[in-house]
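Position one of the sequence shown corresponds to residue 565 (this note's numbering), numbered consecutively onward. The beta carbon of each residue, even a glycine, is placed where N, CA and C say it ideally should be. Remarks on the structure that follows.
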Amino acid sequence: MKNYLSLLLAVLLISPAMGAKMPMPSDMPKSYEAECASCHMLYPPGLLGEQTWQNIMSGLSKHFGADASIDDKEKKEISAWLKKNAATKQKYNVLAPDNRITKTPWFIREHDEIKSDVWKRVGIKSPANCGACHINATEGIFSEKNISIPAK
Numbered sequence: 565m566k567n568y569l570s571l572l573l574a575v576l577l578i579s580p581a582m583g584a585k586m587p588m589p590s591d592m593p594k595s596y597e598a599e600c601a602s603c604h605m606l607y608p609p610g611l612l613g614e615q616t617w618q619n620i621m622s623g624l625s626k627h628f629g630a631d632a633s634i635d636d637k638e639k640k641e642i643s644a645w646l647k648k649n650a651a652t653k654q655k656y657n658v659l660a661p662d663n664r665i666t667k668t669p670w671f672i673r674e675h676d677e678i679k680s681d682v683w684k685r686v687g688i689k690s691p692a693n694c695g696a697c698h699i700n701a702t703e704g705i706f707s708e709k710n711i712s713i714p715a716k
């Protein structure tokens, strides 16, 4: 019984920290970094569900106001990888409104204390700029313990 309680306590203590980690899968194709990181941070595929990634990849010619078209070989490679590694947890596996991570219910809940003027700061620019506040965003770590919100 003592071992069971110790295990339960350990799981409860570790769970919040685990929820803040979304590491990039080790099999990331070079094309994902080459094509996507040239404009924005590399979002871990587990932040969105399969359908949302499919919507994003099928609309690259109008990718959030820019033409992000890529050749068919790279598109197929990236699409297959995103599909394979898309969110499976119900929290993330919802159809994102306008295909935006920042419009998902979980993102809004996690950031509801952030006032709208904070997003407009020069050091942040938009809610999509995770790395502006999440110090370890590039490693897929979004823990509240590692946040530094730019003053300006």
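DSSP three-state label for A715, please.
DSSP places A715 in coil when its eight states are reduced to three.
Less than 8 Å separating the beta-carbons of I642 and Y596?
The Cβ atoms of I642 and Y596 sit closer than 8 Å to each other.
Pull up the distance between the alpha-carbon of K648 and that of S707, whole angstroms please.
About 25 Å.
For H604, write down the residues that DSSP places opposite it in a beta bridge.
Bridge pairing for H604: absent [DSSP].
For A701, which of E599, A601, M605, S590 has the nearest alpha-carbon?
Nearest of E599, A601, M605, S590 to A701, Cα basis: M605.
Between I634 and L624, how many whole angstroms is the CB-CB distance? I'm expecting something under 8 Å.
About 6 Å separates the CB atoms of I634 and L624; that is less than 8 Å, so the two are in contact.
Leaving out five residues before and five after N710 in sequence, what residues of the same chain have Cβ atoms less than 6 Å from its Cβ?
For N710, where only same-chain residues beyond five positions count, the Cβ hits under 6 Å are I699, N700.
Assuming the contact rule is C-beta atoms closer than 8 Å, V658 and T668 should be a hit. Round their C-beta distance to whole Å, please.
Right, their Cβ atoms sit about 6 Å apart.
Would G704 and P587 qualify as a contact pair, given that the criterion is a beta-carbon distance under 8 Å?
Yes, the Cβ-Cβ distance between G704 and P587 is below 8 Å.
What is the DSSP secondary structure of A630, reduced to helix, strand or coil?
Note: A630 maps to strand in three-state DSSP.
When DSSP labels each residue in this structure, what does K594 get in the three-state scheme?
Here K594 sits in helix by DSSP.
With a 10 Å radius around its C-beta and 16 neighbouring C-beta atoms as the bar for buried, classify C697 as buried or exposed.
Per the 10 Å Cβ criterion, buried.
Given that a residue counts as buried once 16 or more other Cβ atoms are within 10 Å of its Cβ, and exposed if not, what is G629?
Here G629 is exposed. Its C-beta has fewer than 16 other C-beta atoms within 10 Å.
Within its chain, find whatever has a CB closer than 7 Å to the CB of L611; leave out the 5 residues flanking it on each side and keep chain order.
These residues qualify, in order along the chain: M586, A651, Y656, I665.
Going straight from the alpha carbon of Y607 to that of C600, what length do you get?
Approximately 9 Å, taken between the alpha carbons.
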